[in-house]
Structure formats: C-alpha cells, structure tokens
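What the sequence shown shows, in my numbering, is residues 4 to 1018, in sequence order.
Have a look at the structure below, then the notes.
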Amino acid sequence: MRFKLALIGMLISLAGWSQRIIPRFETLSSNDGLPHSSVYGIRQDKKGFMWFGTPDGLCRYDGSSLRTFRYQAKSDTDAVNNFIRGSFFEDKQGNIWYSNESGIFKWNVFTENVDRVKAFGKDDFGNSNFICQFMDEHDNLIILNIIKGVFEFDTHTYKLKLYPLPYKIDFSQVSFAQNSADDEGNVWVRLVGKNDPYIFFNRKTHRYTYRLQKYPPQSVFFEKNRHILAFDDRIIFRDLKTGRDTTIVKTIDGKPAPFYSVQNTRDKYGREWFTSRGNGLFYYNEKTGQFYNYHHDNSKLKSLPFDISTCLYIDRGDNLWIGIDGGGVSRLDLKEPKFNLFPLSEGDYPILKDYFTKCFFEDDAGNIWFGTHNSGLNIYNQLTGALKNFQHKDGDDTTLPGNIVSSFLKDKDGNMWVGSSGGISLFDMKKQTFRTIPIIHQPKIFPKLNVFIFKLIQLHDGDILAATLLGLVRLHKDEQGNFTARYLDKDPYLQSNIIDVVEMPDNSIYAAISSIGLFHAKPDGEMYGPFETLLPGIDLRSVRHDEKDAGWLWIGSGMGLIHFNTATNKYQVWGEKSKLPNTYVYGSLEDENHNLWISTNKGLSFFNRTDNTFENYSFLDGLQSNEFNTQSFYKSKTGTFYFGGIKGFNWFKPVNSVKNLLKPGAAITRIEINGEAFLKTSPHFKNQEITVPYSKNDFNIQFAALDYTRPEANKVQYILQNWDSKPVITYGKSARYSHLLPGNYVFKLKSANTYGVWSDEERVFIHITAPYWQRAWFYIAGVLLVLAIIVYITYMLSQVKIKRRLNELEKIQAIDAERNRISRDMHDEIGSGLTHIALLSELIQTHQEAELSIKTDVNSISAAARRLLESINEIIWALNPQNDTLESLLAYTREQMQQYFEPFALKLQIDFPDEVPYIKLTNEQRRNLYLVTKEALNNVMKHANATSAELGCRVNGGKIEFTVKDNGGGLPETAAKVTCNGLKNMLKRMEDIGGDVKWLSDKQGVTVIYTFTAG
C-alpha cells in the first residue's frame, strides 16, 4: 500500500495554485436514468452515495446506476407532489428529509421508501413554496415559507412549530424570492421587487430583522469568518472579523462578465464557484485574481450540457457536481488529473483528420508540439486549449514536406528540426515556414519523395543523425552555417528500416532495425562500420540509454522490455509472465528514481526497479486508449512524460511526493434471496446478519464502489468466506451464489478507485440453517436409532436362532416323547400280549390236561395274538402322517369299534357328522382321543350290563366333543372315583392333549363326555 500511495503521489502535484482543471464535464441525464432533466439539489450522504433532488422525486447515484425514490399517493384524491426545489438533508441515522407544499417527506434508510410524515392541504401555502433550509445538530429541520415565515420541524416527534413573519408584505410587488441559510441555520431572504428588502431570521432568538438597502446584492453566500455578496457585475468579500470589504469586478480577459448567481461553493484549491442563469458556470481563482467561465459548446461533447446552472456540490473526492435546469447533473474533476488527455472528445478539433500521435516536443512556453499520422504538425496551448496546425501544401516548398510527422529535435543551437514522411526539415519559428534539406546519395526508389524519418538525434560532434525507412542519414553543418544531408550507403546492412538509433559515450551507435535485430558499429569517418549484429530476429521498437548506468540500454520489442548490457551483450527480458500486461513494448521513460513508465498495446505500466513489480493502467484510468505507438514517447526538460497512441496522447509529471487520498466507499445496495429482496435491519446492510432456512440458499448480492472521479475505473474485491477459495476482483456490481450449503458464511466487500486506493471492508454475516436431518441432534438420534436397530436386529436374530434351537430341541423332545410313547405302548401292549402268549404256551407244555382244556388255552393264545395285532395296527395307524386329520380319526374309530362290537349282543350306535371339517391333529392327539374312546366303550361292554351303547361326535369350530352313552345300571359308587385306574388313564390322556373328560351317571346309564379344542 505504501508503494501504491507513493506511486499515486508521483502522478499528482501538491501545489494548490498549480491545480489545473480539464474542462471535461461528465453528465447524467434522463437518458441515463434521472427522473427529470432538471436538478435543484445535490448532496452526498455519509455512506458516499450521491443524491439529486428533481421535480419528480429523489434520485440516488452509486457510480454506475441511478435509482429514483418517490412518495406514492394513497388515493386519487391525495394531493401530493414529489417536487424537490432546493436543499434536502440527512439525519444522524442516514434518513433523507425534504419538504414541499404537499408535506414533509422522509426517505427511510431501512425500508428505502419515501414516507410522508406531515401532510398539507392544497390551500395551506397558496402558491408559495415550502423549502428546507437547514438541519441542526438535533436533526430539527428549518423550513421557509415566504408568506407565513420560518417553521421548525422535530424529526423525532413530528411536531411542526411556526415562527410567523411579523411583517406585512405586498407580494404583488415581489417578482421572486432568493433565500439561503448560513452555517448556524439563520435564514436570509431577499424579496426581489420593490425596494428589494432583505429579511433575516435568527434561529437562536427566533426574531426577524427587516433590512432595506439601496443596492442590495443578488445573493449572499456564507463561509467561515466571511460573507460573499454577489452582484451582477462584482462580488464583495466581507471579512467578519475586521469588517473589511474586498471588491472583485467580474471580468474575463479584461472584458466585463456579469452573471446572476443563486448558489456558491468553495474548493480547497482557493477557487470560488458560482452558478449562473444562462451563462454556464463561473469560478474565481483567488491565487490569480481571475474569473473563468465554462459554458455549453455544441462542438465539444464534454462541455456543459446547458447554461442554466442551479446548484453546486463538492463531494469527498474533490469532484464538483453542477445541477442544470434542463440538462441533468454534470460532474467536473477538480483534482490534478492522473493523466492529462488530448483530446477530451474526438470532435473537439475537427481540423484534425485523426489523433494518431507519433512524436512530441515541449517548448519553453509549455506548448505541446505533436506530430500525427495524417494531420501534420500541431502546437497545442495547454492553458487556452488553442491548436495551431501545419500541413503540407502541394507546390509550396515552405510548408511541411509530409503530413506524417514522426520526430522532433531542437539542437544545441536552437534549431528546430522536423522529421516527416517528406524528409528532414528545418522549421523557422518566427516565419512559421519549413526548409527541407536535400539528401545526397538518396536511393532513387522514391524519386519524388524524401526518406521517411523515424528518429532524429544530435551526435557528440554536433551533427544530426536520422534513423529512416531506408537506413541512416547524417546532417552536417559547415563553417558558413549551411547544412548538408548524406545518405550513409557504405554498409548494405544499414540500408534497412531503422526504427531508432542511440549514440554511446565512445561515439559508437546502436541501431534498432525492425525484425532484424540490434546493430552496433563504431564511427568510420562520416560512416559507421563494421556492424555487429545482436538480438537477431527480434522485432525491435526503440532503444535508449539507461540513465542510471550508461553501459546498459533499455530496448522496446515485440517480446517485451529488454535490459541490455553493452559490455557483455547479455540481457534480461520482462514480459507477461512478469506481470507486464503486454509483451509488445513500444518504449519507456525513466523518472528521477530510475523507475520506468512503459507504453504497450495494453496501456501504460509503471515498473518499480527496486522490487521488479508492475503497476498497470488502461483506458479506464484516463488513457487515450490501450494502444500506443512506435517512437511516440518523450520526456521534456521539465520532467513531463508524454505518450501517444491511436486516439490522442497523455501527459503527466511523476513528481516524487506522497499525497493522502481519501478512501472510496463500498456499499451493498441490495440482497435478493431466492429472487426476493431481503429487508435490511442495519443501514446499507453494514454488518447485517441474515439467518435463513436451508431451502433459501440462492443469493444475489448487489454492491457499488462509491468514488466518482472515474466511476468506470472503480473495481471491487469480494469473497464469500467458507465458500470462495480466493477473492474475486471485478468491475462488475453483483455476485450470485446458488445452492449454498447449510453453514455460516461471511460476505466481504471492498472497492478501489482509479488511484488504486482501497476502501474499508463491508461485511454481511449469513447463516443458513440445516434441515433437521442435517442437524447434530438428528445425527445423534440417527446414530442411536441405528445402534438400536442393530441391537434389535441382533436380538431378533439371536431370538430366531434361539427359537430355531428350541424348535429343534422341541422336535427332538417330541421325537423322544414319541419314541418313549411307542416304547411304552410296545411294552404295554405288545410286551404284555407276548408275555400272555408265552405263559399260555408254557402252560400247555407243562399241563397234561384234556384236549378240551388245551383247546381253551390255544384259543386264549389266539385271542391274545389278535389283540396284539390290533395294538400293532393302532400304533402303525397313529404314526402314519396321512391320518393326521379329524376325518381320518373318525373313520378309523368307526371301523375299529364296529369290528370290536360285532361278535357281541351289545348293540353299538355311532353318530358322527356327515361332513367333517378339516382339522389337523397330531399323533398324540389322535391316539389319545382314540384310546379314550376305546376305553369308554370297553368299560360299557365289561361293566355296564347294557344292551346298547351310543358313540357320538360334534364339532363346533375348533372344539371337538365326544360322547359315549349306555343304558346300563350306571357306575357303582366305588368306580365313580377318578382314582380308579381306568378313569384315571382316561383323564390323564385328555389332560395330555389339553382336553378334559367328565362322567354323568344315573339309573338309566352312564354318559362319558370328553372335549378337546384343536389348536
């Protein structure tokens, strides 16, 4: 930053008296966005925005765009207008206040809307105005109405107090009123008409003073410790401490220059500026004691747009703003320009066919001589802007021999030499004529033209050496003072397009030959040779001495800036990789610190040789264009630098000084979130905090660089911290961010003006809340849920494994139980049957009984065998999985019981359902139900003494009920006890399968009921 400020200081002179003004008025009109072509009030707010009061509302300017604010009427009958006739003010919060006949209005800095805080009717003030004059330290407004008097309005309580005018005034005799307020808020009113009275209102005492004066001033302007009384033909400076008056007559160039002024301002360079009605803009320079005038000129694009100036304001960057009635608002830079520019507008000098500049010279009077590509030689007066042009005229040998002028040289004897497309001429400054010097041995390739001249230098011996299109030409002055020019044709290498030439301390020369290289040769009489070829094949544009070290050369070329050591022939090149904006270097100039200014095809560059850094400038910084020309660079005796290009030229003086320049402003003007404007809660979004949900994550941030010297050269740097990887530097005025992720961001903004001075940083804090599924508690809950699910799944899997294992164990247990049951059955049924058969067989063997007895025993064995076979069939039937339904059980039971009872007289009646529902039964269930049924019927046969028995089954849903009923004598009292083996077995079998059994006995018989519910 220190280097940059030093560089800026080198461009700007500190001496106030020498401040020059380039009369280049930049104008904003209705075509640019002003709501009206007339501007009656101007102010810069604390942030740096410019405000303009117009007949159609309040307009804000940020350097790139204009925005209008108006009060919107609430209904068709709402008598309101947006006319701002004079001053408006900013309160401590940043709100803007103004008034007119329809009310008092406030532009709200938070909502950016205009509110009417006090309304007036159509007849409250008649045809008179209601104009703000002053705002005091408490934000109270002082408002004037010339009919009723002075009002004081409290902007906090909205109370309006009138200090009525104590005088009766015949306003029919008043043509108009001129009013103003001094620095203390006292109001001055001049009633222009009969007697021209002045009315003075003292704000502290609230008293009026009526003053009559024979020749009152048109206006009174107020400064610290003095008043300025403005008359038509003069101004009077009245010193308030001494009471002394100093009268200044209004004259310009010795001629009277009367004008009528309604507003005045003073700049820091000692100039008093005045508006005028119909005569443009005036200023009085107290240093020179002269008046100056700027007015509209149809031939100049950058003149005042119109000559009725209404108001003046100087912003913090030393720019003068001029309100124009019918012409908008104009801006004039009061500072010494960074780069002086010729021309200000392309139409300023119609005598010139173009502004393509090729060479320069500055004379002792400060006039600038410049040669052009097609418009001859020109002498420009910096003070008056006058231009004198010299061009070739056919048939007149005293005129310029060629209109392409490419070199000037003033020799040690004061002769002025001009090199052009017509040769080498000596210019007689008194007679304003040219004498062209014939060239001996000139090539006959151009029989009617002289050699095209690129560069003229004076050698140590006083001769003139010219670098030309066809080689070198040497001019020699004899003892009689006559000049002869000779084409140096000794060496064929010299017969080339020599762009530039320089003589070394040893009288040798270095010549830059286009596209061939650098030639070095020592003198050989009037000739040079032999030549040494250096830098072969490089397109060279210029060559000059290093002013710091005579053994080095600075060379401009198509490959960059070359620093060449003549002792070693070694060199260093700076190009685009070194931050030079363009490798095509035309030339360079060296300041007194031996730093360089370099012309290229992309503007000018300042090269700091201490740290090898470049500071680059373009047309945005006030250059004629980005493209400069070969040999069009020049350093005058006064230290002024000149650089010419395709659209004119620039000049400046790099004085070694440092100047504190005011920082520009940076402001965020609007923030849109998902396309909707965000309503700020701090003025101009300063340190604004924004919290939005995750769905509102598209941001469009608009901003401005608030410096008005060259607004188009302002640039901004911004970064969205935690999103952008590096700052963005741009001339744009908005930044868009889409699909921002939830999180915290800081938008940082600062701006730089045309001098490269950076503003303070503006910040906006943005917090985008995450959706619930991206918040910490949700992550924790999610982790816990996942853990719970994992635990649950693990638990369920373990339960499945356990259950599977249990099922396997249950199956094993069931198999074991079935095996045990089969084992028991086999043991009980088959074992006992076999034992019975064995015993009977043994009995037959041991007893020698009669044949009848043996037959009886054999019959017993046969019966036992049948019973055993039945038991085996029952076991096999129970094990067969095809018999696992209730229907199979009932069918098997019917078959077996009918066979069992068939040999006997006891009649068995079976009552089973015709349609049996599908009910699946286990082996155990089927066998136990069958055995209980068999046991019950067996008991009937053995013990009931019955003649008939009934077997029935009823099915109700899953409930199965069996009944066995007989017509016997009933159970004996001892047999009815459940402890009897037969009944106990029946009860145990039913309990094993989850059923129950009961016996009902009376004199008509016994009924056994056993039930089971299938699962």
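Ideal placement from N, C-alpha and C gives every residue a C-beta, glycine not left out.
Query: Exposed or buried, Met993, counting other C-beta atoms within 10 Å across all chains shown (16 or more means buried)?; Result: buried
Query: Who are the near neighbours of Thr212 in its chain, counting only those whose CB is closer than 6 Å to its CB and skipping five residues on each side?; Result: Phe203
Query: Just to check, is the beta-carbon of Met944 closer than 6 Å to a non-hydrogen atom of the ligand GDP?; Result: The ligand GDP is not part of the structure shown, which contains no ligands of any sort.
Query: Quick one: Cα of Thr268 to Cα of Gly330, how far?; Result: 20 Å
Query: Does the separation of the CB atoms of Thr936 and Thr896 fall below 7 Å?; Result: yes
Query: To the nearest angstrom, how far is the alpha carbon of Pro884 from that of Ala1017?; Result: 17 Å
Query: Quick one: grab the DSSP three-state call for Asp995.; Result: helix
Query: Can you tell me which of Phe393, Leu31 and Thr888 puts its alpha carbon nearest to the alpha carbon of Thr436?; Result: Phe393
Query: Using the DSSP secondary-structure output, state which residues sit across from Tyr166 in a beta bridge.; Result: Val153
Query: Near Ile382, what residues of its chain come up, given a Cβ to Cβ distance below 6 Å and the 5 sequence neighbours on each side ignored?; Result: Asn370, Trp372 and Lys391
Query: Under a Cβ-count criterion, where at least 16 other Cβ atoms within 10 Å of its own Cβ denotes burial, should Gln445 be classed as buried or exposed?; Result: buried
Query: So what does DSSP say about Gly648, is it helix, strand or coil?; Result: strand
Query: So, Gly606 versus Tyr589, is the Cβ gap smaller than 7 Å?; Result: no
Query: Suppose you measure from the CA of Ile460 to the CA of Gly668; what does that come to, to the nearest Å?; Result: 49 Å
Query: Cutting at 6 Å between CB atoms, please list the residues of its own chain near Ile1012, excluding the five before and the five after it.; Result: Thr966 and Lys1001
Query: Comparing alpha-carbon positions, which option in Ser628, Arg193 and Asp173 lies nearest Gln181?; Result: Arg193
Query: So the beta strand (DSSP E) Phe285 belongs to, where does it begin and stop?; Result: Leu284 to Asn288
Query: Buried or exposed for Lys451, please, with buried defined as at least 16 other CB atoms from any protein chain shown within 10 angstroms of its CB.; Result: Here the model assigns Lys451 a pLDDT of 48, short of 50, so the residue's position is not dependable and the matter cannot be decided.
Query: Could you tell me which residues DSSP puts in a beta bridge with Gln720?; Result: Ile732 and Lys753
Query: Determine the DSSP secondary structure at Val120, reduced to helix, strand or coil.; Result: strand
Query: With DSSP as the reference, please indicate the residues paired to Arg766 in a beta bridge.; Result: Lys751
Query: Measure from the alpha carbon of Tyr637 to the alpha carbon of each residue in His479, Pro696, Lys458 and Thr616, then state which is nearest.; Result: Lys458
Query: Taking only runs of the beta strand (DSSP E) that begin and end inside the region 629 to 712, which ones reach a length of at least 3 residues, in chain order?; Result: 631 to 638, 644 to 648, 651 to 655, 668 to 676, 691 to 695 and 702 to 709
Query: Taking Asp624 and Arg713 to be in contact with their CB atoms under 8 Å, please state how far apart those CB atoms are, rounded to whole angstroms.; Result: 7 Å
Query: In the structure shown, what three-state DSSP assignment does His946 receive?; Result: helix
Query: What is the residue span of the beta strand (DSSP E) that Tyr213 lies within?; Result: Arg210 to Arg214
Query: Here's a check: name, in chain order, each residue in its chain whose Cβ is nearer than 6 Å to the Cβ of Ser102, leaving out the five neighbours to either side.; Result: Phe133, Cys135 and Ile146
Query: In this structure, how does DSSP classify Met88 when only helix, strand and coil are distinguished?; Result: Sequence inspection shows Arg at residue 88; the Met mentioned does not correspond to that position. Coil, per DSSP.
Query: Per DSSP, Leu61 is paired with what?; Result: Gly56 and Phe72
Query: From Gly997, Thr569 and Glu618, pick the residue whose C-alpha is nearest to that of Glu579; which is it?; Result: Glu618
Query: Should Ile541 go down as buried or exposed, given a rule of 16 or more other Cβ atoms within 10 Å for buried?; Result: buried
Query: Beta carbon of Ser428, beta carbon of Thr439: below 7 Å?; Result: yes
Query: State the DSSP-derived secondary structure class of Lys804, mapped to helix, strand or coil.; Result: helix
Query: Pull up the distance between the alpha-carbon of Leu352 and that of Phe309, whole angstroms please.; Result: A quick correction: the sequence has Tyr, not Leu, at residue 352. Going by the C-alpha atoms only, they are around 21 Å apart.
Query: Can you find the residues in the same chain that come closer than 6 Å, C-beta to C-beta, to Leu538, ignoring five residues on each side of it along the sequence?; Result: Gly520 and Leu521
Query: Mind checking whether Glu506 and His523 have CB atoms under 7 Å apart?; Result: no
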